[in-house]
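Visitor:
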Amino acid sequence: MKHRGRHRRRRRGAALRAVLAGTALALTAAATLISASQAGVAENPGALRPLTSPADTGPLQLQEHLVPAPTLNRLAASMGRPVGVDAVLQDTDRTLGEGAGCTDEDRASLPVTPAAVRAYCWDRADTATTAWQPASVTTSGDADDDGVWGTHRVILTGWTHSTTTGPAAERGLARVAFVDADAPSRPAYRWVLLVVPVDGGRDYRGLASRVSGMVWYQDKLLVTTTTGSADALYVYDLDRIQRATVDGPAIGRVPGGWSADGYRYVMPAVGSYRFSAGRCAASGPPCPGTLSLDRGTAPDSLVAGEWTAPGGGRHARLWRYAFSTDPARGGLLATDAAGRADAVEAYRTRTSGIRGVLSYRQPGAARPSWYVGRLSGSMDGHGGLWRQDTKGASAAHCGSEGSHHCWAASAGSLSYWQETGEVWSLSDRMLFAVPLAALDRSLG
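The numbering used here puts the first residue of the sequence shown at 32, with every later residue one more than the last.
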């Protein structure tokens, strides 16, 4: 359990910043070769427009559905005592490569501006094909404000399997890389398959959904879902990781025990949130896109961005939910007596193709700025990252024609690590971090 890690470790912050500053990587040389014709100048999304009317905020309401305790207990009784994050980190079987040792193709996917101070490429066994794609990231800096979980610095990244290629049984599945980041020069990781209990805990199925957004808060992991239903988020408990007992291609209960498509660990969902108004639609609830955590609000809040097609005419919504302050509801959203969670702030942004969103209030500022990372309109090449508020928007410039396409290629979600002052994200090929201060300088 996490209780031993709740103590502040402020003394670690300075040391970590020193390590990172001393090992900043010159990794963007290849990325700066992007042609101006590919980049193009992105349209300025302008100022955020607040959404305050019930007609605008009502479709954002969520209904909480928690998995009954007997269901989870039945599954644990059959599979064996659940384990936590430590057990997974002690059993890592793959290693991330440092940026300088990665391929030119890997490094070319990094941001042009600002430069990454940390960058890692995945084990080649995980990038030999494009069937599995990374899209989301969260860290122990989200989980606890001291930046560690127990005694570990941890990074989690969410990957989704293609729905059209590869073995039929794997299509659409979601998995999470648990990265042990205690040794910045050689992080190791292990995969955990996301599953959903069925039949009252007598079995489980794989979560067949794109995990485009993910936030680890206290002992819970919230992930976006796009299963074709009204589900918006699934909730996982980091203290309820289960070991598979049979190494086979099936997922669930099999003769002789439990299988997970060859994965050693599974994490069963403990709850979900669904839009009260039904499935996502242009005039109704948003299609779940990306998530992040904001510790600058009271209470802490879950920040969300809507997915809309890049280059399309449908503009996205940005909004937030408050986390519960009830100790018995650690990591869950604040709800009313009927289990409903309402957005506490919402905006419309004049952009589309959002893959990352972050809300952060600078010291002395009256309101937070919203950082919005988006794909290029052509669905390839480098995307853009804009900082927006209710007064306007700004972005970095790069290249001979001052393009705004300076962010990573096919970049995923954003996660701010408060203790180190870094923003973590990932391209389609690399995991990386940039200092928030450098990001702000690049945005003018």
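Ideal Cβ placement from N, Cα and C applies to all residues, glycine included. Since this is a predicted model, take the numbers as computed values, not measurements.
Rounded to a whole number of angstroms, what is the C-alpha to C-alpha distance between residue 129 and residue 186?
Guide: 15 Å
Visitor: Look at residue 335 and residue 324 and say whether their C-beta atoms are less than 8 Å apart.
Guide: no
Visitor: Helix, strand or coil, according to DSSP, for residue 450 in the structure here?
Guide: coil
Visitor: Just checking my contact of residue 440 with residue 144 at CB under 8 Å: how many whole Å lie between their CB atoms?
Guide: No, residue 440 and residue 144 are not in contact; Cβ-Cβ is about 14 Å, not under 8 Å.
Visitor: If I'm right that residue 257 touches residue 319 with Cβ under 8 Å, what's the distance once you round it to whole angstroms?
Guide: 6 Å
Visitor: Using CA coordinates, which residue listed in 358, 458, 295 is at the minimum distance from residue 279?
Guide: Of the candidates 358, 458, 295, 295 places its Cα closest to the Cα of residue 279.
Visitor: Exposed or buried, which one is residue 96 when buried takes at least 16 other CB atoms within 10 Å?
Guide: exposed
Visitor: Look at residue 405 and residue 421 and say whether their C-beta atoms are less than 8 Å apart.
Guide: Cβ distance not < 8 Å, so residue 405 and residue 421 don't count as in contact.
Visitor: Residue 308: which of 264, 93, 80, 84 sits nearest, CA to CA?
Guide: Among 264, 93, 80, 84, the Cα nearest to that of residue 308 belongs to 93.
Visitor: Are residue 287 and residue 105 close, meaning C-beta to C-beta below 8 Å?
Guide: no
Visitor: Pick helix, strand or coil for residue 125, following the three-state DSSP scheme.
Guide: Residue 125: strand per DSSP, three-state reduction.
Visitor: Which term fits residue 273, buried or exposed, when burial requires 16 or more other beta carbons within 10 angstroms of its beta carbon?
Guide: When all chains shown are included, residue 273 counts as buried.
Visitor: So, is residue 433 buried or exposed, given that buried needs 16 or more other C-beta atoms within 10 angstroms?
Guide: exposed
Visitor: If you follow the alpha helix (DSSP H) that residue 137 is part of, which residue opens it and which one closes it?
Guide: 135-138
Visitor: For residue 413, which residues in the same chain have their Cβ closer than 7 Å to its Cβ, ignoring the five residues on either side in sequence?
Guide: Taken in chain order, the residues that qualify are 65, 70, 143, 407, 436, 437, 438, 439, 440.
Visitor: Could you give the C-beta distance for residue 120 and residue 152, rounded to a whole number, given that I count them as a contact under 8 Å?
Guide: The pair is not a contact, with the Cβ atoms about 20 Å apart (cut-off 8 Å).
Visitor: What does DSSP give as the partner residues of residue 177 in its beta bridges?
Guide: Partner(s): none; residue 177 has no beta bridge.
Visitor: By DSSP's criteria, residue 419 is part of a beta bridge. Which residues make up the other side?
Guide: 401, 424
Visitor: Kindly confirm or deny that the region 181-200 and the region 211-227 touch, where touching means at least three C-beta pairs closer than 8 Å.
Guide: Contact holds between the region 181-200 and the region 211-227, because three or more Cβ pairs, one in each stretch, are under 8 Å apart.
Visitor: For residue 476, which of 138, 455, 149 has the nearest alpha-carbon?
Guide: Because the chain here runs from 32 to 475, residue 476 falls outside it and cannot be looked at.
Visitor: Between 220, 238, 415, which has its C-alpha nearest residue 292's C-alpha?
Guide: 238
Visitor: Considering only the alpha carbon of each residue, which of 471, 169, 460, 247 lies closest to residue 133?
Guide: Distance from the Cα of residue 133 is smallest, within the candidate group 471, 169, 460, 247, for 460.
Visitor: May I ask you to report which of helix, strand or coil DSSP gives residue 77?
Guide: coil
Visitor: Assuming residue 144 is part of the beta strand (DSSP E), what are its boundary residues?
Guide: Careful: residue 144 lies outside any beta strand (DSSP E) and carries neither H nor E.
Visitor: Just to confirm my understanding: we take residue 201, look at its own chain, exclude 5 residues before and 5 after, and list those with CB closer than 7 Å. What are they?
Guide: 192, 292
Visitor: Whole angstroms is fine: what's the gap from residue 446's alpha carbon to residue 167's?
Guide: Using only the alpha carbons, I get a separation of about 9 Å.
Visitor: Tell me the rounded alpha-carbon separation between residue 221 and residue 358.
Guide: 30 Å
Visitor: Quick test of your reading: residue 281 and residue 290, contact by CB under 8 Å. State the CB separation rounded to the nearest angstrom.
Guide: 4 Å
Visitor: For a quick check, are the C-beta atoms of residue 341 and residue 384 less than 8 Å apart?
Guide: yes
Visitor: Assuming contact is defined by CB atoms lying nearer than 8 Å, are residue 240 and residue 338 in contact in what I supplied?
Guide: Not a contact, by the Cβ cut-off of 8 Å.
Visitor: Assuming contact is defined by CB atoms lying nearer than 8 Å, are residue 234 and residue 362 in contact in what I supplied?
Guide: no
Visitor: Output the distance between the C-alpha atoms of residue 79 and residue 391, rounded to the nearest integer angstrom.
Guide: 15 Å
Visitor: Quick check: the Cα distance between residue 398 and residue 154, rounded to an integer number of angstroms?
Guide: 41 Å
Visitor: Mind pulling the beta strand (DSSP E) runs of 3 or more residues that sit fully within the region 337-395?
Guide: 348-353, 376-379, 385-391
Visitor: Can you grab the Cα-Cα spacing for the pair residue 430 / residue 343, in whole Å?
Guide: 25 Å
Visitor: Output needed for residue 102: all residues of its chain with C-beta closer than 6 Å, excluding positions within five of it in sequence on either side, in chain order.
Guide: 228, 231, 232
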